[in-house]
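Beneath this line is the structure, given in structure tokens, with notes to follow.
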Amino acid sequence: GSVQLEVKEYFLIIRKRIILIITTTILSSLIAAILSFYVLEPVYRASVTLFAGRSTNNSASSDSIQALYSDVLLGQQLVKDYREIAVSRTVLERVIKELNLKISIDQLKSMVSVQLKNDTRILMINIESKDPKYAALIANKLAEVFIEAVQKIMKIENVQIVDKAVVPEKPERPKKALNIAIAFVVGLLIGVGLAFFIEYLDNTIKTPDDVEKFLQLPVLAVIPDLEKVERN
Numbered sequence: 010g011s012v013q014l015e016v017k018e019y020f021l022i023i024r025k026r027i028i029l030i031i032t033t034t035i036l037s038s039l040i041a042a043i044l045s046f047y048v049l050e051p052v053y054r055a056s057v058t059l060f061a062g063r064s065t066n067n068s069a070s071s072d073s074i075q076a077l078y079s080d081v082l083l084g085q086q087l088v089k090d091y092r093e094i095a096v097s098r099t100v101l102e103r104v105i106k107e108l109n110l111k112i113s114i115d116q117l118k119s120m121v122s123v124q125l126k127n128d129t130r131i132l133m134i135n136i137e138s139k140d141p142k143y144a145a146l147i148a149n150k151l152a153e154v155f156i157e158a159v160q161k162i163m164k165i166e167n168v169q170i171v172d173k174a175v176v177p178e179k180p181e182r183p184k185k186a187l188n189i190a191i192a193f194v195v196g197l198l199i200g201v202g203l204a205f206f207i208e209y210l211d212n213t214i215k216t217p218d219d220v221e222k223f224l225q226l227p228v229l230a231v232i233p234d235l236e237k238v239e240r241n
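Below is the structure:
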């Protein structure tokens with residue numbers, strides 16, 4: 010059928026331009042590898058895990074199931090507020106001062122991210138830096154200052170450290186294998202796209218089949234190539 014014919018034509022075009030497709034794929038993968046291994050500087054992430062505990066002023070009567078459930082819901086909402094406190098100017102200024110950092114508040118803020126664990130009262134404060142020791146140092150100090158700020162601002166909320174940040178051994182970025190894999194796929198798609206684009210631009214008629222396909226005319230006769238005939 011016509012569908013089978015079209016599929017066959019696609020494969021013929023790909024086979025015809027296979028060198029171009031292979032070249033673009035290899036070139037794209039090579040560029041990604043060079044960037045990942047030799048150009049892009051590794052970035053490390055250090056993380057502190059925190060738990061937004063129950064209010065420090067809860068009475069014994071709050072031990073009922075309903076009270077505990079309400080406390081969890083309230084905690085989940087408050088965690089969103091904690092995220093804003095963690096990157097507040099007050100907290101960042103104090104971290105810079107206590108660690109004697111030679112960076113601006115905006116620079117420190119760009120290093121900070123806060124992750125909220127869905128349906129829990131767990132949050133993670135992450136610091137990204139090109140220096141792994143620097144990242145862990147700032148993460149732990151920021152968590153310490155953050156907890157004090159929460160207790161001062163919220164009055165009754167109790168946030169505790171579950172896991173302190175440790176010096177990361179492996180960089181968070183670049184993800185070398187992933188970058189190369191993506192570049193491979195992109196290069197392959199570009200190569201195939203170029204192959205079909207070149208074929209589209211090349212509208213010259215080369216075979217009897219092309220006459221029927223493009224001009225909708227029947228082929229009455231074919232003139233042989235005399236040079237080829239003589240050589241044979």
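This note's numbering puts the first residue of the sequence shown at 10, with every later residue one more than the last.
Ideal Cβ placement from N, Cα and C applies to all residues, glycine included.
**Buried or exposed by the 16-neighbour rule on C-beta atoms within 10 Å, applied to leucine 132** = buried
**Message:** Mapping the DSSP letters down to three states, classify asparagine 67 as helix, strand or coil.
**Reply:** Residue confidence is low: asparagine 67 scores 49 on pLDDT, short of 50, so the model does not pin down where it sits. Its coordinate-derived value is still stated next. Correct three-state label for asparagine 67: coil.
**Message:** Just list the residues that DSSP pairs glutamine 247 with in beta bridges.
**Reply:** Because the chain spans 10 through 241 in this model, residue 247 falls outside it and cannot be assessed.
**Request:** With DSSP collapsed to three states, give me the class of aspartate 4.
**Result:** Look at the range of the chain in this structure, 10 to 241, and you will see that residue 4 is not part of it.
**Prompt:** Beta carbon of leucine 59, beta carbon of valine 168: below 8 Å?
**Reply:** yes
**Message:** Checking the sheet assignment: what are the DSSP bridge partners for leucine 146?
**Reply:** Residue pairing for leucine 146: DSSP places it in no beta bridge.
**Asked** According to the Cβ coordinates, are leucine 203 and leucine 29 closer than 8 Å?
**Response** In this structure, the beta-carbon distance from leucine 203 to leucine 29 falls below 8 Å.
**Request:** Mind checking who arginine 182 pairs with in its DSSP beta bridge?
**Result:** Val52
**Prompt:** Where does proline 177 land, buried or exposed, given buried means 16+ other C-beta within 10 angstroms?
**Reply:** buried
**Request:** Tell me whether asparagine 188 sits in a helix, a strand or coil according to DSSP, three-state version.
**Result:** If DSSP states are grouped into helix, strand and coil, asparagine 188 belongs with the helices.
**Asked** What residues match up with leucine 101 in a beta bridge as DSSP calls it?
**Response** According to DSSP, which records beta bridges pairwise, leucine 101 is partnered with nothing at all.
**Asked** Which value, in whole angstroms, describes the spacing of the CA atoms of methionine 120 and glycine 200?
**Response** 38 Å
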